[in-house]
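Everything below concerns the one structure shown next.
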Amino acid sequence: MLEDVLAFAALPLAAAVIFTGIHTWLGLQVLRRNVVFADLALAQVSALGATVAVVAGHAVQSAAGYAYTVLFTAIGAVLLTASRGFARSVRQEAFIGVLYVAATAATVLVVDRSPQGAEHVKKMLVGGILSVTAEEVLTCALLYAVIGALHWLVRRPLLAAADNAGGAMPDRKTVGWDLFFYLSFGVVVTSSVGVAGVLLVFCFLIVPALIGTLFSPHIGAAFLIGWVAGAGASAAGIFGSFLLDAPTGAVTVVAFAASLVVAGGVRAFMTGPAAQRRRNRRLGLHAGGILLCLALGLSGLWVMVAPAGDHPVLAAIEIATGIGPERFMTPRERADYIDAAAVERRHQAEVDRLYDLERRSRWQGDELTADEVRRIGSVQQTLTEMGRGERFVISYLRARARERERWYIGLPLAVVAFFGIAGIAWAARQPK
Amino acid sequence: MRVVATTSDLASLARAVTGDLAQVEPIVPPAADPEAFEPRPSDLAKLKGAAVVVRVGLGYDHWLEKLLQKHGDAAVHRGGVGYVDASAGIPLLELKGRSLDATGRDGHAHGLANPHYWLDPANAEVMTGGIAEAVIRVAPELTEKIIANRDEFLTRLKARLAEWERLLAPHRAARLVAYHNTWPYFARRFRLDIVDVIEVKEGVSPSPARLAKLAALIREQKVRVILHEPFEPEDASQLLARRTGAVVLKLAPSVGSLPEATDYLALFDYNVAVLARALSAPSN
């Protein structure tokens with residue numbers, strides 16, 4: 014099992030680290046150019062190319078499939094380059110947004126004729142980094158090394174063109190470097206979206222670049238910081254998905270978002286200039302205190318207004334303190350509450366036992382007759398409905414208990430929260 | 029007479045029953061996933077003028093309700109003379125009555141039971157019975173021809189079923205893993221053991237922890253075949269196959285989903301033949 018865990022994690026992690034490297038570099042330029050969503054737009058245009066290839070009868074991985082994808086990406090790169098010329102009166106992001114939605118809608122229209130269209134669109138969005146192969150990792154590593162080396166060689170004019178974004182009408186030279194940037198960016202995005210999906214690639218591009226920029230104004234240092242942070246977030250996402258038993262792509266996206274929050278916290282409270290750190294700590298304490306008091310106060314008010322509603326904060330307090338709603342029931346209600354929970358568990362166990370009995374009979378012993386299968390189904394349905402009845406009883410008794418509990422828990426919570434907010438407001442007004 | 033069926037499997041059975049007496053059309057295109065299907069305006073046009081509408085039921089083709097609501101002809105609405113829920117009378121599996129439970133372990137986000145009951149060929153008797161009754165209710169003058177068509181189909185089905193059972197008999201209790209929980213009826217008919225499914229929640233890719241657990245299970249239980257459908261994402265199945273040496277076998281879950289599955293009987297001809305071949309092959 015452990016061997017499988019490591020085997021399943023090794024290649025996705027290698028791919029994520031490689032993707033983070035090239036995307037951090039590109040992301041830093043994207044931030045300088047102020048075209049954050051260019052990645053999504055280009056990825057969607059390349060996905061449109063891949064979709065057209067599939068509908069035309071070519072596999073995405075075939076030479077024809079790749080040619081379609083690169084052709085569409087090149088068209089996207091030209092459109093993005095041209096959009097800078099329009100950006101004098103309107104933000105370039107507006108054009109990028111239009112390009113994104115137009116490419117998405119066109120993809121939907123193209124796949125509408127393909128039976129597996131919905132699956133194809135979903136795959137382009139969420140990708141499948143977990144199942145990346147060694148060949149794909151190697152191909153991407155080689156491709157990104159070549160593009161990375163090219164960018165390094167021409168970094169000065171490339172960065173000068175990026176810094177000129179939003180300035181005067183771009184000259185011919187700048188347009189040329191813009192086109193080079195978007196074409197190479199498109200090739201990278203085309204390859205990485207095929208493996209990791211649009212959502213994850215957006216994280217690879219923007220989050221490490223933001224983290225790097227938080228800590229250093231120098232692009233080289235920002236690149237290294239971003240790459241290390243992105244690699245850490247990738248590792249946390251991939252191993253976190255093992256621990257949480259959740260899809261890798263989604264957990265990795267959340268891990269990248271969390272890494273940005275942590276980096277923001279480190280920058281604000283630990284590594285910024287001393288005066289700024291003191292101010293941030295004070296602000297952070299006040300803001301955190303107010304948020305906590307608001308959560309408690311609103312929860313207290315909510316339980317007083319609607320005791321039968323959902324109360325996540327109250328449920329957390331009940332779990333932490335061991336003071337559950339049954340404490341506020343009459344002895345008769347408590348007995349019914351415990352009995353209903355036990356009966357519901359018993360019914361569920363019987364449903365599961367019958368399920369296993371029927372499942373085993375598919376290949377073991379004598380085959381069950383159609384009537385026997387119908388009888389099992391009927392009993393399972395009856396028990397499930399009876400279980401629903403027990404859950405209704407539990408829910409009703411809990412609501413009754415909460416009606417009493419609200420004055421012992423809800424009211425004190427609201428009062429404490431009110432005094433907490435007043436105290437914080439008073440402290441904030443004191444001279445520093 | 030026009031008969032509209034939600035899936036290509038029901039359309040194939042309706043053709044077997046009506047022969048050349050009716051024009052039969054499916055709504056979901058072959059090889060598309062009916063559980064993820066989004067109807068289009070042209071599907072509404074298909075329903076107009078239909079004398080009989082046949083559906084899978086059990087929440088599988090839940091989108092039909094909306095189409096029927098927009099359709100004016102009460103005869104093909106629920107309870108109408110031309111309305112057929114083909115699941116009526118079927119011995120359903122994994123029936124729990126959790127119609128609103130999206131967390132059920134059977135991998136179906138909606139439905140009262142596992143809805144893939146057409147994959148037990150023995151259930152075709154009940155399904156064709158429901159279709160024949162509706163057609164006869166709508167056009168009583170066709171009674172004799174409809175009964176003759178159905179009898180002729182059931183005779184062919186019986187002969188083929190005996191042959192399919194003979195082909196898979198040596199592989200009784202063979203252990204398999206499936207991507208989606210599509211095959212319990214097929215497994216029951218041909219005495220196969222589907223030890224687990226890869227996709228626990230519909231449309232949500234499996235977690236790496238689940239894949240590691242499945243890899244261990246495949247080795248421990250000596251599972252040699254992973255059942256896969258044409259419209260399912262292959263990444264997870266191929267990854268497991270690479271790690272364990274099991275073979276990914278693409279079966280046709282419905283008529284037209286693979287070129288060989290040209291009609292209801294051909295669907296089983298193909299599935300049984302490729303499965304028997306895969307299970308007979310020497311292990312890796």
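Going down the list, the protein sequences come from chains A and B.
Position 112 of the first sequence, counting from 1, maps to 125 under this note's numbering, and the rest follow consecutively.
Position 99 of the second sequence, counting from 1, maps to 127 under this note's numbering, and the rest follow consecutively.
Using N, Cα and C, we set each Cβ at its ideal position, and we do this for glycine too.
For this session: Below 8 Å on the Cβ atoms is my guess for V31 (chain B) versus V56 (chain B); work out the distance and round it to an integer in Å.
Result: About 15 Å separates the two Cβ atoms, so there is no contact after all.
Exercise. In the stretch 297-336 of chain A, which residue ranges form an unbroken beta strand (DSSP E) of at least 3 residues, counting only runs that do not cross its ends?
Worked result: none
Exercise. What's the C-alpha gap between H138 (chain B) and N209 (chain B)?
Worked result: Bear in mind that the predicted position of H138 (chain B) carries a pLDDT of just 48, short of 50, making it too unreliable to give a figure here.
Exercise. When the cut-off is 8 Å and only beta carbons count, does T261 (chain A) lie next to chain B?
Worked result: yes
For this session: Starting from the Cα of I303 (chain A), find the closest Cα among A:A115, A:T94 and A:A438 and give me that residue.
Result: A:A438
Problem set entry | Range of the contiguous beta strand (DSSP E) that encloses A206 (chain B) | R203 to A206
Exercise. Just to confirm, are D113 (chain B) and G85 (chain B) a CB contact at a threshold of 8 Å?
Worked result: yes
Problem set entry | Interface partners of Q105 (chain A) on chain B, CB under 7 Å | Result: empty, since nearest Cβ-Cβ is about 34 Å, beyond 7 Å.
Problem set entry | Candidates B:D61, B:V80 and B:S70: closest to A42 (chain B) by CA position | B:V80
Problem set entry | Segment contact, 8 Å Cβ cut-off, at least three pairs: the stretch 371-388 of chain A with the stretch 339-349 of chain A | no
Problem set entry | Minimum C-alpha distance to P261 (chain B) - residue among B:A167, B:A60, B:L49 and B:A304 | B:A60
Exercise. Shortest alpha-carbon distance to F261 (chain A) belongs to which of A:A288, A:G433, A:T120 and A:L213?
Worked result: It should be noted that the sequence gives Thr, not Phe, for residue 261 (chain A). For the residues A:A288, A:G433, A:T120 and A:L213, the minimum Cα distance to T261 (chain A) belongs to A:L213.
For this session: Taking the CB atoms as reference points, tell me whether L277 (chain B) and V302 (chain B) lie closer together than 8 Å.
Result: yes
Exercise. Is there at least one Cβ from chain A nearer than 8 Å to V232 (chain B)'s Cβ?
Worked result: yes
Problem set entry | For Q443 (chain A), the three-state DSSP class (helix, strand or coil) | coil
For this session: Could you please give me the residues that DSSP links to K278 (chain B) through a beta bridge?
Result: B:H256
For this session: Counting only the same chain and skipping the five closest in sequence on each side, list residues whose C-beta sits under 7 Å from that of I142 (chain A).
Result: P25, A28, A29, V208, A209, L213, T261 and G262
Exercise. Which residue from B:L295, B:L279, B:A78 and B:L307 puts its Cα closest to that of V163 (chain B)?
Worked result: B:A78
For this session: Scan the stretch 148-167 of chain A for residues whose Cβ lies nearer than 9 Å to a Cβ of chain B and list them as they occur along the chain.
Result: none
Exercise. Start and end of the alpha helix (DSSP H) containing R194 (chain B)?
Worked result: T171 to L196
Exercise. Buried or exposed: G278 (chain A), going by 16 or more other Cβ atoms within 10 Å of its Cβ?
Worked result: exposed
Exercise. Nearest CA to the CA of T272 (chain B): which residue from B:I159, B:I175, B:V205 and B:E288?
Worked result: B:V205
Exercise. Since V225 (chain B) is in the beta strand (DSSP E), which residue starts that stretch and which ends it?
Worked result: D221 to V225
For this session: Could you work out which residues of chain D lie near F255 (chain A), taking near to mean beta carbons separated by less than 9 Å?
Result: As a matter of chain content, chain D is missing from the structure shown, whose protein chains are A and B.
Exercise. Who are the near neighbours of L163 (chain A) in its chain, counting only those whose CB is closer than 6 Å to its CB and skipping five residues on each side?
Worked result: none
Exercise. By a C-beta neighbour count over all protein chains shown, 10 Å radius and 16 as the cutoff for buried, is K136 (chain A) buried or exposed?
Worked result: buried
Exercise. For G8 (chain A), which residues from the same chain have a beta carbon less than 7 Å from its beta carbon, with the 5 sequence-adjacent residues on both sides left out?
Worked result: Residue 8 (chain A) is absent from the structure shown; chain A starts at 14 and stops at 445.
For this session: Return the chain-ordered ranges of every beta strand (DSSP E) run that is complete within the stretch 106-173 of chain A and spans a minimum of 3 residues.
Result: none
Exercise. Of all Cβ atoms in chain B, is any one closer than 8 Å to the Cβ of F21 (chain A)?
Worked result: yes
For this session: Assign D48 (chain B) to buried or exposed, taking buried as 16 or more other Cβ atoms, counted over all protein chains shown, within 10 Å of its Cβ.
Result: exposed
Exercise. Straight-line CA distance for A56 (chain A) to V200 (chain A)?
Worked result: 10 Å
Exercise. Taking just the CA atoms, how far does G117 (chain B) sit from L195 (chain B)?
Worked result: 28 Å
Exercise. Exposed or buried, which one is D352 (chain A) when buried takes at least 16 other CB atoms within 10 Å?
Worked result: exposed
Exercise. Any idea what DSSP makes of V82 (chain B), helix, strand or coil?
Worked result: strand
Exercise. Taking any Cβ of chain B, which residues in the stretch 386-400 of chain A have a Cβ under 7 Å from it, in chain order?
Worked result: V386, R387, G390, Q393, Q394, T397 and E398
Exercise. By a C-beta neighbour count over all protein chains shown, 10 Å radius and 16 as the cutoff for buried, is A190 (chain B) buried or exposed?
Worked result: exposed
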